[in-house]
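Data first, discussion second: the structure below is written as structure tokens.
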Amino acid sequence: MEMLNDYGIVLALAGAVLAALIPGIASAKAVSMGGIAGAGVITEDPSQFGKVLILQLLPGTQGIYGLLIAFITLSQIGVLGGNGDISLVKGALYLAACLPIIIVGYTSAIRQANASVASIGVVAKRPDQFGKAMIFPAMVETYAILALLISMLAVNGVSGLNI
Amino acid sequence: MKNFSNEKSKLNFSNGKNKMHNNKEMTDKQYIYAVARIRSKELTLFTKSDIEQLMSCRTEMECLRYLADKGWGMDGRHTSSEQILASEREKTWELLKELVENVSVFNTFLYGNDYHNLKAAIKQIYKGTETPNLYMSNCTLEPEIIIKAVSEHDFSLLPEHMRDVAEEAYQIQLRTGDSQLCDIVLDKAALDSIYSHGKASENELISQYVELKVAAADINIAIRSVRTKKDEEFLKRALSECESLDINKLTKCALDGMEAIYDYLTTTVYFEGVPALKESSQAFERWCDNLIIDFIRPQKYNPFSLSPLAAYLLARENEIKTVRILLSGKRNDISDDIIRERLREMYV
Chain C
1401 MEMLNDYGIV LALAGAVLAA LIPGIASAKA VSMGGIAGAG VITEDPSQFG KVLILQLLPG
1461 TQGIYGLLIA FITLSQIGVL GGNGDISLVK GALYLAACLP IIIVGYTSAI RQANASVASI
1521 GVVAKRPDQF GKAMIFPAMV ETYAILALLI SMLAVNGVSG LNI
Chain E
-5 MKNFSNEKSK LNFSNGKNKM HNNKEMTDKQ YIYAVARIRS KELTLFTKSD IEQLMSCRTE
55 MECLRYLADK GWGMDGRHTS SEQILASERE KTWELLKELV ENVSVFNTFL YGNDYHNLKA
115 AIKQIYKGTE TPNLYMSNCT LEPEIIIKAV SEHDFSLLPE HMRDVAEEAY QIQLRTGDSQ
175 LCDIVLDKAA LDSIYSHGKA SENELISQYV ELKVAAADIN IAIRSVRTKK DEEFLKRALS
235 ECESLDINKL TKCALDGMEA IYDYLTTTVY FEGVPALKES SQAFERWCDN LIIDFIRPQK
295 YNPFSLSPLA AYLLARENEI KTVRILLSGK RNDISDDIIR ERLREMYV
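Protein sequence lines, in the order shown, are assigned to chains C and E. So in our numbering, the last one in the first sequence is 1563, and the numbering has no gaps at all. So in our numbering, the last one in the second sequence is 342, and the numbering has no gaps at all.
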């Protein structure tokens, strides 16, 4: 058991790394989809650049949320300085705490990209409806924010546990 | 209108289905740029009010001026109506070629032109005369290759789906001089090729479009055969297989008369077209065109896949056809009411 406790930091670090990696990959893919659709609109009407840029960037936030959780986790587990002595159970709890943003971050980024691409289509045809078009992908953001909140609370909560 | 899709196609093993789903998703994502551009292009499609404006023009020349103001024709120059319409079709294909890496995804819409060119080449070689502007552009095969294949009697130059039928049609024309029979053979081959390519496309819109196209052609053939008192052999030679019609039943009904065809069609998904069919062939053609437009209209809200591009192509064809009908009506001093009856519904 003593020996297994050495692996606590590994699990905690895996959680932090995955939190930065998975939503980051998804956001890169999602922003690229928005960019491709945006390029299509700009080819025909360059004046829509500002509007499509905002829609393109909306699904990029999941990568930032993942980075934030990764950063908090790294600072809590002592990788960025401090005591890195973490039990196996605590390491596993850190990993579990990162899961909401890992899973929801990935899924919501891709889904939000689909909504953004559709909204870019709306802007192409009805530029005056940009406000409404932006709401649809923004709604998907809600779930990424909820996942961010839970991951943040859980990471902070785990750090306070004496196990 | 019921869904034509074959239930059998849904009977896939789950692994295959997942793989197909993933492939489809990947393919759909390839068209994000193209669909976004098409969304902007859809703004330039004619609406009902544009058609009304054209209708309010008193003469064909006024219509042509309106079209030129809308950017129709080459560089807005005033040319003949046919040149303007041809240049619009050309522009559509130029855009689609720019948007897709491999234009063969649209072969379903091009095979008809290939077979038209084959028909023209066989007749040109048979008669030994040259008629200008006989061949259509925008096809999968250069007309020169078709002419070479027919003139040198080397049908291996043609793609596989055309070889045997080209040889057969050529022999019929050469030995019997029966141009109508030659046309029937080639028209059926064209429909068969369009149908098989459309069904193999794995695109629901193209698949259902070819279903309707072939079924409408079969219904028209059956109606014409009753009027011209054709026999069973003719019908078997001319009708193409499709999922939504039983061509054996249609053949039998066509031999029994017009009422039998109407009765049979009321039992099919085309029952709503029977009143139009009773009215006239043109009314039925209009009904089919409007049905296609109704069917493709949801693609205006689809941000992914090839379907919005195919829908745009069909919408442009419909628009060009409507403008042609309108110009022809104005040219021949046909009353506005009659022209209006012939106009198609617009996509936007």
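For each residue, glycine too, the CB sits at the ideal point set by N, CA and C.
(message) Three Cβ pairs or more, each shorter than 8 Å: is that satisfied between the segment 129 to 149 of chain E and the segment 103 to 113 of chain E?
(response) yes
(message) If you follow the alpha helix (DSSP H) that MET49 (chain E) is in, where does it begin and where does it stop?
(response) The count along the second sequence starts at 1 and reaches residue 49 (chain E) at position 55. Start and end: 42 to 50.
(message) Tell me which residues of the segment 1426 to 1457 of chain C have at least one Cβ-Cβ distance to chain E shorter than 8 Å, keeping chain order.
(response) MET1433, ILE1436, ALA1437, GLY1438, ALA1439, GLY1440, VAL1441, THR1443, GLU1444 and ASP1445
(request) Answer yes or no: the CB of GLU205 (chain E) versus the heavy atoms of the ligand ATP, is any distance below 7 Å? (result) Ligands are entirely absent from the displayed structure, and the ligand ATP is therefore not among its contents.
(message) Measuring CB atoms only, is the segment 87 to 102 of chain E touching the segment 146 to 161 of chain E, in the sense that at least three cross pairs come out at less than 8 Å?
(response) no
(request) Taking only the alpha-carbon atoms, compute the straight-line gap between PHE1555 (chain C) and THR1443 (chain C) and give it to the nearest angstrom. (result) As a working mapping, residue 1555 (chain C) is identified with position 155 in the first sequence. As a working mapping, residue 1443 (chain C) is identified with position 43 in the first sequence. Residue identity check: residue 1555 (chain C) is Val in the sequence provided, not Phe. Looking at the two C-alpha atoms, the distance is approximately 45 Å.
(request) Verify the CB distance criterion: does GLY1521 (chain C) have a CB-CB separation below 8 Å to chain E? (result) Against the first sequence, residue 1521 (chain C) aligns to sequence position 121. Yes, GLY1521 (chain C) counts as interfacial toward chain E.
(request) Using only alpha-carbon positions, find the residue among C:THR1542, C:VAL1479, C:GLY1438 and C:LYS1490 that is nearest to LEU1404 (chain C). (result) Here residue 1404 (chain C) corresponds to residue number 4 of the first sequence, with the count starting at 1. Nearest of C:THR1542, C:VAL1479, C:GLY1438 and C:LYS1490 to LEU1404 (chain C), Cα basis: C:LYS1490.
(message) Between which two residues does the alpha helix (DSSP H) holding PRO302 (chain E) run?
(response) For the purposes of this step, residue 302 (chain E) is identified with residue 308 of the second sequence, where counting begins at 1. Unbroken alpha helix (DSSP H) run through PRO302 (chain E): 301 to 325.
(message) With a threshold of 8 Å between beta-carbons, can VAL1517 (chain C) be considered close to chain E, or not?
(response) Here the question's residue 1517 (chain C) lines up with position 117 in the first sequence. Output row for VAL1517 (chain C): interface = yes.
(request) Select from C:VAL1479, C:LYS1429, C:LEU1418 and C:CYS1498 the residue whose C-alpha is nearest the C-alpha of LEU1457 (chain C). (result) For this step, residue 1457 (chain C) is matched to residue 57 along the first sequence. Answer by Cα proximity: C:LYS1429.
(message) Taking a contact to mean a Cβ-Cβ separation below 8 Å, would you say GLY1505 (chain C) touches ALA1426 (chain C) in this structure?
(response) Taking the first sequence and counting its residues from 1, the one referred to as residue 1505 (chain C) is at position 105. Taking the first sequence and counting its residues from 1, the one referred to as residue 1426 (chain C) is at position 26. Their beta carbons are under 8 Å apart, which means GLY1505 (chain C) touches ALA1426 (chain C) by this criterion.
(request) Flag PRO292 (chain E) as yes if its beta-carbon sits less than 8 Å from any beta-carbon of chain C, otherwise no. (result) Here residue 292 (chain E) corresponds to residue number 298 of the second sequence, with the count starting at 1. No, PRO292 (chain E) lies away from the interface with chain C (no Cβ there is under 8 Å from its Cβ).
(request) Count the other C-beta atoms from every protein chain shown that fall within 10 angstroms of the C-beta of TYR264 (chain E), then say buried if there are 16 or more, exposed otherwise. (result) Position 270 of the second sequence holds residue 264 (chain E). TYR264 (chain E) is buried by the Cβ-count criterion.
(request) Put MET68 (chain E) into one of helix, strand or coil per three-state DSSP. (result) In the second sequence, counting from the first residue as 1, residue 68 (chain E) sits at position 74. It is helical.
(message) Excluding the 5 residues flanking VAL29 (chain E) on each side, which residues of the same chain have their C-beta closer than 8 Å to its C-beta?
(response) Taking the second sequence and counting its residues from 1, one reaches residue 29 (chain E) at position 35. These residues qualify, in order along the chain: ASN296, PRO297, PHE298, SER299, PRO302 and LEU303.
(message) Is it the case that the segment 110 to 121 of chain E contacts the segment 138 to 147 of chain E, given that we only count it when at least three CB pairs across the two stretches are under 8 Å?
(response) yes
(request) At 7 Å on the CB atoms, spell out the chain E contacts of ALA1524 (chain C), in chain order. (result) Residue numbering aside, residue 1524 (chain C) sits at position 124 when the first sequence is read from its first letter. Here the neighbours are ALA30, ARG33 and SER34.
(message) Which same chain residues end up closer than 7 Å to GLU172 (chain E) when comparing Cβ atoms and leaving out the 5 residues on each side of it in sequence?
(response) Locating residue 172 (chain E) in the second sequence gives position 178, where the first residue counts as 1. The sequence given here places Asp at residue 172 (chain E); Glu does not occur at that position. Cβ within range, chain order: ILE166.
(message) Against chain C, with Cβ distances strictly below 8 Å, would LEU37 (chain E) count as a contact?
(response) Mapped onto the second sequence, residue 37 (chain E) falls at position 43. Interface residue, yes.
(request) Mark LYS193 (chain E) as exposed unless 16 or more other C-beta atoms lie within 10 angstroms of its C-beta, in which case mark it buried. (result) Position 199 of the second sequence holds residue 193 (chain E). The residue is buried, with at least 16 neighbouring Cβ atoms inside 10 Å.
(request) For TYR1543 (chain C), collect the residues of the same chain with a Cβ closer than 7 Å to its Cβ; drop the 5 residues on either side in sequence, then sort them by chain order. (result) Against the first sequence, residue 1543 (chain C) aligns to sequence position 143. Taken in chain order, the residues that qualify are VAL1504 and SER1508.
(message) So ILE287 (chain E) contacts chain C; which residues on that side make the cut at Cβ distance below 8 Å?
(response) Within the second sequence, the letter at position 293 stands for residue 287 (chain E). Those do not exist, as ILE287 (chain E) stays about 18 Å from chain C at its closest Cβ, beyond 8 Å.
(request) At 9 Å on the CB atoms, spell out the chain C contacts of PRO137 (chain E), in chain order. (result) Here residue 137 (chain E) is taken as the residue at index 143 of the second sequence, counted from 1. Chain C residues near PRO137 (chain E): none, gap ~32 Å exceeds 9 Å.
(request) Assign VAL1452 (chain C) to one of three DSSP states: helix, strand, or coil. (result) Residue 1452 (chain C) sits at position 52 when you count from the first residue of the first sequence. Helix.
(request) Look at the Cβ atom of GLY1585 (chain C), then the Cβ atom of LEU1467 (chain C), and state whether they are nearer than 8 Å. (result) Because chain C in this structure spans residues 1401 to 1563, residue 1585 (chain C) falls outside the shown range and cannot be described.
(request) At 8 Å on the CB atoms, spell out the chain C contacts of LYS23 (chain E), in chain order. (result) Working through the second sequence from its first residue, we reach residue 23 (chain E) at position 29. Those within 8 Å of LYS23 (chain E) in chain C are MET1433.
(message) Can you find the residues in the same chain that come closer than 8 Å, C-beta to C-beta, to GLU273 (chain E), ignoring five residues on each side of it along the sequence?
(response) Taking the first residue of the second sequence as position 1, residue 273 (chain E) is located at position 279. No residues qualify anywhere along the chain.
(message) Cβ closer than 8 Å: which chain C residues qualify as neighbours of PRO297 (chain E)?
(response) By one-based count along the second sequence, residue 297 (chain E) stands at place 303. By Cβ distance, chain C contributes ALA1437, ASN1514, VAL1517, ALA1518, ILE1520 and GLY1521.
(message) Taking its Cβ as the centre, do 16 or more other Cβ atoms sit within 10 Å of LYS230 (chain E), making it buried, or is it exposed?
(response) For the purposes of this step, residue 230 (chain E) is taken as residue 236 along the second sequence, with counting starting at 1. Answer is exposed; the Cβ neighbour count stays below 16.
(message) Please classify ARG218 (chain E) as buried or exposed, where buried requires at least 16 other C-beta atoms within 10 Å of its C-beta.
(response) Within the second sequence, residue 218 (chain E) is the residue found at index 224, counting from 1. ARG218 (chain E) should be labelled exposed.
(request) Could you check what DSSP says for ARG1511 (chain C) in three-state terms: helix, strand or coil? (result) Here residue 1511 (chain C) is taken as the residue at index 111 of the first sequence, counted from 1. Of the three classes helix, strand and coil, the one that applies to ARG1511 (chain C) here is helix, per DSSP.
(request) Go to PHE265 (chain E), then tell me how far its alpha helix (DSSP H) extends in each direction, as first and last residue. (result) Start at 1 with the first residue of the second sequence, and residue 265 (chain E) comes out as number 271. From DSSP, PHE265 (chain E) is part of no alpha helix (DSSP H); its letter is neither H nor E.
(request) Tell me, please, whether the segment 233 to 247 of chain E touches the segment 269 to 287 of chain E by the rule of three or more beta-carbon pairs shorter than 8 Å. (result) no
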